[in-house]
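For reference, the structure discussed in these notes is given below.
Residue numbers (my numbering), protein chains in the order written: chain A, 556 to 777; chain B, 12 to 327.
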C-alpha cells in the first residue's frame, strides 16, 4: 500500500490560515489502512483544528467528508457538493489523491494534509516499512524476494558495502542491512550461487528518472 | 598478470616489491598548499598517494584536482572515485578528464552514505555501484568503449583498484565479494584498516583457497592510532571498523603522552605480521591528519628505499 503520515497540526494550521470554510476530505483506501487519512483521522483532525483555532480566537467552519478513493474519478464525484460549499479542501489522501482532486476541481485550492512517505507493508501493528520504489523494472527474482534498490541505503545490486555491522545498515542501527536479509533468504532457498552473478548497471529509464510515467492499456480503452 | 598501464603502482607491484601507499585527504578549501604540504611529508616514502573523494561525505577539494597538485610535485596519485555523488555520465566524463591530466590509477568505491557528512540533506546518486564502476573502467581500457558502446578516441588505460572490508558483515560473503570485484576487473585491492589480525588472516585464507591472491594485488590497510579516544571512536562510530578490545586496552594502558608511540608500535607489529601472510602484496597507510608519521613508519618497518620509476620498470 501507499503509506502516509499526517502533517503536524502546526503545519496544517499554517497552510489553512487564509480560509474560513474548510473541507477535510479523507480517503478510504491506503491512507485509511495506515491511520493517516481515513474517516476516523478526518474526524480527529477536524476536532483538533476546531479546538485549536477557537482557543486562538479564530473562526473557521470545518466540514468532514471521506470518499472511498481520491485517486478515482468515480469516487471523487461524491465529494462535489461538499467541495462546492467550501473555500478550500484539505485532502488527507496521498499525493496522487490530492492532485486528482485538484485536477477535477480546478477553482478550489486543494491543500495536502498528509506526507506521502512510501510504498510499504504493515510489518506488525504500528510498524510500516518501505519495500518498493516503483522503479518500473522489478528485479526481485535473484535477490530472494528482497529489493536492494529500495532496502539498501546505497541501492547496491552487487552485494553489501563495507559498512554493515551485526546485520544493520551503516546509516542507522534501526535499519536492517538489506544484503544481510538477501543472503539469509538465499541460504534458505539454496540459491547462494546468485551472489556470484554480476548485476549490470540498472536501467533507470523505467523509473522516475525517465520523466513522469504513463501506463496505457489499449485493451481497456473504451 | 594484468594489462600493462602507465601506472607506477602497477610497475612496483608487478616487479614484486612490497608496495607502500598512503592516504591524503584534500582540504576543506581551495588552497593547493594544503596538498603540497602533505605531499612533502610523503615524498620518497611511498609508491603512490591515494586521494580521497569527499570522504565521510564532507565537501572537500575534488580528488581530481588534488591528484593534479600531487603530480606536479612528482608524486603518483591514486584517484578515489565514489558513485555516491555522480551518475554514470559524470563518472565516465571525470575518468576521461582525469586520464587527460595524467592520472593513471583509480580506486573505485561506492562511498560513505551522506548521512555521515556535514550535509545529510543532500540527495545521493548511486546510479551504479562500485563493482559496476570497476567494470566500466575495465571496459574503457580493454575494449576502448564507454558504457554506451561508443569507441573512445583515446581510451583511458588505468590501473584499477577496489576496496574490500574483511571485517564487515556478513563475513561469509566477503570472499565472494572480493571475487566479484576481481571478475569485474579490479587489479588491486585496498582493505579496511587491519587491527583484528585473526579475522584478516581468516579472510586471506579464504581468498587464497579461491585462488584470488594469484589474480589481484592485495594492499592491507593500516591506520596508526593516536590515542585511546581515537581507538574507541573508531571502534564505535566508524562504519565497518573492527578494533578488538585488546588493542583499545593496550592504548589505554600507557600514559597519554606515550599513546601515539604505542599506536605506532602497534602499527609496526601489524605490518610485520602482514608481511608474513601469503598474498599480501603491500600496505596502504591511512594516517588520518597525521601524514608526518608515515615516513617514520615506513622507515621503521624497513620498507625504504622505495623503488624508483626506472627500477620498477627494469624488472618488468
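Heads up, the beta-carbon is just placed ideally off N, CA and C, and yes, glycines get one too.
In three-state DSSP terms, what is residue i?
| i | result |
| --- | --- |
| residue 592/A | coil |
| residue 224/B | helix |
| residue 84/B | coil |
| residue 200/B | strand |
| residue 724/A | coil |
| residue 79/B | helix |
| residue 561/A | strand |
| residue 242/B | helix |
| residue 32/B | strand |
| residue 327/B | Residue confidence is low: residue 327/B scores 42 on pLDDT, short of 50, so the model does not pin down where it sits. No coordinate-derived value is stated. |
| residue 147/B | helix |
| residue 124/B | coil |
| residue 215/B | helix |
| residue 628/A | helix |
| residue 672/A | strand |
| residue 691/A | coil |
| residue 602/A | helix |
| residue 269/B | helix |
| residue 316/B | coil |
| residue 101/B | helix |
| residue 658/A | helix |
Which one of the options has the shortest CA to CA distance from residue i?
| i | options | result |
| --- | --- | --- |
| residue 587/A | 601/A, 561/A, 571/A | 561/A |
| residue 37/B | 54/B, 80/B, 27/B | 80/B |
| residue 56/B | 78/B, 41/B, 85/B | 85/B |
| residue 50/B | 305/B, 320/B, 316/B | 305/B |
| residue 695/A | 741/A, 593/A, 633/A | 741/A |
| residue 127/B | 727/A, 768/A, 758/A | 727/A |
| residue 661/A | 602/A, 635/A, 699/A, 677/A | 635/A |
| residue 564/A | 667/A, 653/A, 651/A | 667/A |
| residue 185/B | 294/B, 173/B, 208/B, 218/B | 218/B |
| residue 173/B | 157/B, 201/B, 148/B | 201/B |
| residue 23/B | 199/B, 215/B, 168/B | 199/B |
| residue 623/A | 610/A, 646/A, 611/A | 646/A |
Taking the C-alpha atoms as reference points, what is the distance between residue i and residue j?
| i | j | result |
| --- | --- | --- |
| residue 15/B | residue 223/B | 19 Å |
| residue 189/B | residue 30/B | 20 Å |
| residue 328/B | residue 583/A | The shown model of chain B, from 12 to 327, leaves out residue 328/B, and the question about it has no answer. |
| residue 591/A | residue 559/A | 6 Å |
| residue 735/A | residue 748/A | 15 Å |
| residue 629/A | residue 659/A | 11 Å |
| residue 613/A | residue 606/A | 10 Å |
| residue 150/B | residue 664/A | 54 Å |
| residue 733/A | residue 707/A | 5 Å |
| residue 282/B | residue 307/B | 13 Å |
| residue 242/B | residue 656/A | 57 Å |
| residue 263/B | residue 144/B | 41 Å |
| residue 194/B | residue 228/B | 14 Å |
| residue 265/B | residue 273/B | 8 Å |
| residue 221/B | residue 74/B | 34 Å |
| residue 548/A | residue 621/A | Because chain A spans 556 through 777 in this model, residue 548/A falls outside it and cannot be assessed. |
| residue 35/B | residue 60/B | 7 Å |
| residue 326/B | residue 17/B | Its pLDDT being 48, under 50, residue 326/B is placed unreliably by the model, and nothing is read from it. |
| residue 777/A | residue 574/A | 40 Å |
| residue 169/B | residue 650/A | 47 Å |
| residue 101/B | residue 698/A | 28 Å |
| residue 608/A | residue 654/A | 27 Å |
| residue 44/B | residue 232/B | 27 Å |
| residue 712/A | residue 93/B | 15 Å |
| residue 293/B | residue 21/B | 12 Å |
Quick check: is any heavy atom of the ligand COA less than 8 Å from the C-beta of residue i?
| i | result |
| --- | --- |
| residue 708/A | Here there are no bound small molecules, and the ligand COA is not part of this structure. |
Would you be able to state if there are at least three C-beta pairs under 8 Å between the segment 57-68 of chain B and the segment 127-140 of chain B? yes
State whether the segment 574-581 of chain A contacts the segment 638-645 of chain A, with contact taken as three or more CB pairs (one from each stretch) at a distance under 8 Å. yes
Decide yes or no for the touch test of the segment 303-316 of chain B against the segment 27-44 of chain B: beta carbon pairs closer than 8 Å, at least 3 of them. yes
Residues of the segment 229-259 of chain B with Cβ closer than 7 Å to any Cβ of chain A, in chain order: 250, 251
If you measure beta-carbon to beta-carbon, which residues of the segment 666-692 of chain A are closer than 8 Å to chain B? none
Chain B contacts from the segment 698-725 of chain A (Cβ-Cβ distance under 8 Å): 708, 709, 710, 711, 712, 713, 714, 715, 716, 717, 718, 719, 720, 721, 722, 725
Using a Cβ-Cβ cut-off of less than 8 Å, give me the residues of the segment 182-194 of chain B that come near chain A, in sequence order. 183, 184, 187, 188, 190, 191, 194
Inter-stretch contact at 8 Å, needing at least 3 Cβ pairs: the segment 717-732 of chain A / the segment 758-775 of chain A: no
Compile a chain-ordered list of the residues in the segment 735-753 of chain A whose CB is closer than 7 Å to at least one CB of chain B. 735, 738, 750, 751, 753
Of the residues that make up the segment 194-218 of chain B, which ones have a beta carbon closer than 7 Å to any beta carbon in chain A? 194, 195, 203
Contact list for the segment 288-305 of chain B against chain A, Cβ threshold 8 Å: none
Within the chosen definition, does the segment 163-172 of chain B reach the segment 102-109 of chain B through at least 3 CB pairs nearer than 8 Å? yes
Between the segment 98-125 of chain B and chain A, which residues of the former have CB atoms less than 7 Å from a CB of the latter, in chain order? 99, 121, 124
Contact between the segment 241-257 of chain B and the segment 171-183 of chain B: three or more CB pairs below 8 Å? yes
What residues in the segment 756-767 of chain A bring their beta carbon closer than 9 Å to a beta carbon of chain B? 756, 757, 759, 764
What residues in the segment 34-68 of chain B have a beta carbon less than 9 Å from any beta carbon of chain A? none
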